[in-house]
Each structure stands twice: as structure tokens, then as C-alpha cells.
Amino acid sequence: MSVEKSRKAVRMLVLVGDQIGSNCLSGGKKLSILEKFQKYGWDVTIAGVRSSVQPCPYALKLGLAAPNIDCLVDEIEDVLTFDAVSVLPGPAYSGLLQSTAAMHLIRQAAASGLVVSAWCRGVRVLAEAGVLQGKHVVGHSDDQEIIERSGGIFVGYDHPPVTDGALVTGARSYYYRAKNADAIKKAVDARR
414 MSVEKSRKAV RMLVLVGDQI GSNCLSGGKK LSILEKFQKY GWDVTIAGVR
464 SSVQPCPYAL KLGLAAPNID CLVDEIEDVL TFDAVSVLPG PAYSGLLQST
514 AAMHLIRQAA ASGLVVSAWC RGVRVLAEAG VLQGKHVVGH SDDQEIIERS
564 GGIFVGYDHP PVTDGALVTG ARSYYYRAKN ADAIKKAVDA RR
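For the sequence shown, position 90 matches number 503 in this note's numbering, and the numbering has no gaps at all.
What follows is the structure in C-alpha cells.
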């Protein structure tokens, strides 16, 4: 790897579903996921299948606003211009799950050795993309069947993040937020 590439800021593509979870938006006493990525000095691009995303019901109750979408998933011409792809937490992913472009980006990222990560229920998107085969995966207990049906090895829910090759999965985004983000950073740093 060239010294020039290692000095450039990490380019993180974050994919958001139909709603974005509160852990992405406000840290309260902790940095939010997006704030944590930005604190690393990363260049974060937020992409979705629609031009806007809604906060989850809990985030709405807290008065949190969703971030602006930087680009649509189907506008991304080359996922290899990024160093990593992360599916952010949220309660609903039907748009990403039905998006041919999103599935292609995730598959291409995984096949090319980019760090691919998912938070909480975002593992559903990775399962649909078919990138969990033989990988140890953290997720919600009610996602165990989806994970295992896609060839993943379900580790559990109340578990620290797991890195398996270039795949990083984590759950309990409030409790493990810093550990999940740090595991992604460590995986990215190892590939630069």
C-alpha cells in the first residue's frame, strides 16, 4: 500500500434504511455513530435509496433530526472509491433490501476486500446481499434465522462486536457503540 493512500482520509460509505436509529444521530453523553466516524477524521458519505430518511420513532420522541442524504445508492458508480461500507442501525430496511444497486454495492465491496459492517438490524441487509456465508455475526435474536439461512454463524445479541475477516458486526448500539466503531476502525486501519 502506498504511503500516499495511507495518509488520505478514510472514505466511509454509510447506508441508511427507511428510518435511522437514534444512536446514529445524537450521542447525548456519548458520541453518536456518525460523530465517532467524523472524530476519526473520516470522510463520511451518507447514502440511501431515497433522497431523505426519517428518524426512528424513538429519535423523533427525542427531537432528533435525520442527517441529509449525500447521494442515492444508485448514483454510486464505483464502491471501490471507498475504504469501507457500513449499514447503520435503524428499525426498517425495506428500501435497501429491495435495491438492486445496494445489493450490488455490498457484494462488490465484500468481494473486493473492503471492510463491510452492519449495526444491529443492519445485518438483515448483509444477509440479503449474501455476504455472511461462513462468517461469525452479531445480531438480534429474532434475526438469528435470517443470519443462519444466509450461511452466517449467529454469535448472539448481547455480545461485543465481532470481526471476521473484513466483516464487522455489532448490536446494542447504545451500549457497544464505541466498541463497534473502534472494531470497524481497527479493521479499516489493518487494510490501509
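Glycine included, each C-beta is placed from N, C-alpha and C at the ideal position.
query: The region 551-570 touching the region 499-518, judged by at least three CB pairs closer than 8 Å; result: no
query: First through last residue of the beta strand (DSSP E) which encompasses Phe567; result: 566-569
query: Close beta carbons around Gly434, own chain, < 6 Å, minus the five adjacent residues each side; result: Cys469, Pro502, Gly503
query: For Ala497: DSSP bridge partner residues; result: Met425, Val528
query: Per DSSP, the bridge partner or partners of Val550; result: Phe567
query: Reduced DSSP category for Gly535 - H, G, I as helix; E, B as strand; rest coil; result: helix
query: DSSP bridge partner residues for Cys484 (one or two, in chain order); result: Ala460
query: For Val575: DSSP bridge partner residues; result: Thr582
query: Neighbour-count burial assignment, Gly565, 16 or more Cβ in a 10 Å radius; result: buried
query: Nonlocal neighbours in the same chain, by C-beta distance under 6 Å from Cys533, ignoring five residues either side; result: Pro502, Ala584, Ser586
query: Buried versus exposed call for Cys484 [16 or more other C-beta atoms within 10 Å across all chains shown]; result: exposed
query: Ile433 in three-state terms, based on DSSP; result: strand
query: Three-state secondary structure (DSSP) of Ser468; result: The sequence shown places Pro at residue 468, rather than the Ser named in the question. Of the three classes helix, strand and coil, the one that applies to Pro468 here is strand, per DSSP.
query: Through-space distance from Asp456 to Leu428, alpha-carbon basis; result: 14 Å
query: Pick from Gly543, His553, Ser445, Gly526 that is closest to Pro480, judged by C-alpha positions; result: Ser445
query: Buried/exposed call for Ser530, threshold 16 Cβ in 10 Å; result: buried
query: Beta-carbon gap between Tyr506 and Gly569 smaller than 8 Å; result: no
query: Helix, strand or coil at Val544 according to DSSP, with G and I counted as helix; result: coil
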